[in-house]
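Asks:
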Amino acid sequence: MAISQQRTLPAQFIEDAGKDYATQLKGLTSVPLDTGKFAPTVAAQDPLQAQAYQLGQAGVGAYEPYLTQAGAYSGPTAYQQFTSPYQQDIIDTTMADFDTQAAKQMSGIGQLAAMSGNLGGGREGVMRSEYQTQSDKNRAGILAQLRQQMFQQAQQGAQTAYGQQMQMGQQLPAWQAADISQLGQLGGIQQAQAQAELGATQEANRLTAMEPYDRMGIYGSGITGLIQGMPGQYSTTVMPNPTPLQTALGTASVLGGIYGNIGNKANTDLANTTTTTGLNMLQAPNYAYGMANRFGP
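Be aware that the sequence shown starts at 242, since it is given in this note's numbering, and climbs by one per residue.
Structure follows, in structure tokens:
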């Protein structure tokens, strides 16, 4: 079997560059990359964020003391904590003034009885009794009024304290949330800065690790640009040896061609002879003479 092979090769310097590229690429890729140098990293929690977390934990249930204290300011005896320490003094002084005035009024009854001639009599006694009854009634009313005013003031103080404690208990989580939010935002800014620095370091490590590969990519692109239009291809033509049948058919074809040529020559001569017989009789002697000279005596 005969094989005809044609190969198109690039210029020698391009082929040398391709071999060099393949050698370098094999050596480069045979060494594994240390990806740990540019693996993603999360910045640690900032101290302010940690403080915000601690405040958040401490704030859970921080309102309970205020609720407990508010409970102490409710109930039937809550007012006692807000009773003025000078309340009894005020009552005693007021009652003393009242008793003084009552005593003066009682003396006036005696004077009236003496002027009317009833001093020491039953009428004076009745007047004194009626006055004393009314005086005692007035005294009790004034005392009750003073105590009622003192109670109302103390009760109002207890209610005010209760509302304050409840408001503090409700407002405390909002105040704590504001502090936690402020600390969280400040800590988030610091953490974001740290994360950006980690990202920059990671990217720098990645660029350093990938630089040889990028350089090889540029090198390979340059070689590709040089060999464009001259691809390394193979052109192969296979010519098998002829079989016996093909040989016999080829021989018959050659012989047929030879005999065919002989037959065509005889037919041509016969045609020429036929044509000659039709010549003018005046040309026959010349034709015969010519034939004789061609074939001999």
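Each residue gets a CB set at the ideal place from its N, CA and C atoms; glycine is no exception. Treat the numbers as computed from the prediction; the structure is a model and nothing was measured.
1) Pull up the distance between the alpha-carbon of residue 348 and that of residue 366, whole angstroms please.
2) Taking just the CA atoms, how far does residue 394 sit from residue 305?
3) Excluding sequence positions up to five away, which residues of its chain have a Cβ less than 6 angstroms from the Cβ of residue 332?
4) In angstroms with no decimal places, state the Cα-to-Cα distance between residue 297 and residue 270.
5) Should residue 261 go down as buried or exposed, given a rule of 16 or more other Cβ atoms within 10 Å for buried?
6) Using a 10 Å radius around the Cβ and a threshold of 16 neighbouring Cβ atoms, would you call residue 368 buried or exposed?
7) Run through DSSP, which three-state label would residue 327 get?
8) Counting only the same chain and skipping the five closest in sequence on each side, list residues whose C-beta sits under 6 angstroms from that of residue 439.
9) For residue 251, which of helix, strand or coil comes out of DSSP?
10) Cα separation between residue 350 and residue 335?
11) Quick check: the segment 422 to 431 against the segment 287 to 301, are there 3 or more CB pairs under 8 angstroms?
12) Would you say residue 226 and residue 267 are within 9 angstroms of each other, going by their C-beta atoms?
13) Going by beta-carbon coordinates alone, are residue 539 and residue 376 separated by less than 9 angstroms?
14) Using DSSP with H/G/I as helix, E/B as strand and the rest coil, what is residue 498?
15) May I have the straight-line CA-CA distance separating residue 404 from residue 311, to the nearest angstrom?
16) Check whether the Cβ atoms of residue 231 and residue 407 lie closer than 9 angstroms to each other.
17) Could you check how far apart the C-beta atoms of residue 391 and residue 328 are, in whole angstroms? I think they sit under 8 angstroms.
18) Please report the distance separating the alpha-carbon of residue 413 from that of residue 402.
Replies: If we stick to the structure as given:
1) On the sequence shown, position 107 is the one that residue 348 refers to. On the sequence shown, position 125 is the one that residue 366 refers to. So the two alpha carbons sit approximately 12 angstroms from each other.
2) Looking up residue 305 in the sequence shown gives position 64. Looking up residue 394 in the sequence shown gives position 153. Pairing residue 305 with residue 394, the inter-Cα distance amounts to about 27 angstroms.
3) Residue mapping note: residue 332 aligns to position 91 of the sequence shown, counting from 1. These residues qualify, in order along the chain: 387.
4) Residue mapping note: residue 297 aligns to position 56 of the sequence shown, counting from 1. Residue mapping note: residue 270 aligns to position 29 of the sequence shown, counting from 1. Rounded to the nearest angstrom, the two C-alpha atoms are 52 angstroms apart.
5) Translated into positions along the sequence shown, residue 261 becomes position 20. Exposed: under 16 other Cβ atoms inside 10 Å.
6) Looking up residue 368 in the sequence shown gives position 127. Counting other Cβ atoms within 10 Å of its Cβ, residue 368 reaches 16 or more and is therefore classed as buried.
7) The count along the sequence shown starts at 1 and reaches residue 327 at position 86. Reduced to three states, the DSSP call for residue 327 is coil.
8) Taking the first residue of the sequence shown as position 1, residue 439 is located at position 198. If we look at residue 439 and ignore the five residues flanking it on each side, its Cβ neighbours are 282 and 284.
9) As a position in the sequence shown, residue 251 is number 10, starting the count at 1. Of the three classes helix, strand and coil, the one that applies to residue 251 here is coil, per DSSP.
10) What you label residue 350 is simply residue 109 of the sequence shown in a count that begins at 1. What you label residue 335 is simply residue 94 of the sequence shown in a count that begins at 1. Each residue's alpha carbon lies about 23 angstroms from the other.
11) yes
12) Because the chain here runs from 242 to 538, residue 226 falls outside it and cannot be looked at.
13) This structure gives no information on residue 539, because the portion of the chain shown stretches from 242 to 538.
14) If you number the sequence shown from 1, residue 498 lands on position 257. Below a pLDDT of 50, predicted positions are generally treated as unreliable, and residue 498, at 48, falls in that range; the measurement from the model is reported next regardless. DSSP places residue 498 in helix when its eight states are reduced to three.
15) For the purposes of this step, residue 404 is taken as residue 163 along the sequence shown, with counting starting at 1. For the purposes of this step, residue 311 is taken as residue 70 along the sequence shown, with counting starting at 1. Using only the alpha carbons, I get a separation of about 7 angstroms.
16) Look at the range of the chain in this structure, 242 to 538, and you will see that residue 231 is not part of it.
17) In the sequence shown, counting from the first residue as 1, residue 391 sits at position 150. In the sequence shown, counting from the first residue as 1, residue 328 sits at position 87. Contact holds; Cβ gap of about 5 angstroms.
18) Position 172 of the sequence shown, counting from 1, holds the residue named residue 413. Position 161 of the sequence shown, counting from 1, holds the residue named residue 402. Cα to Cα, residue 413 sits roughly 16 angstroms from residue 402.
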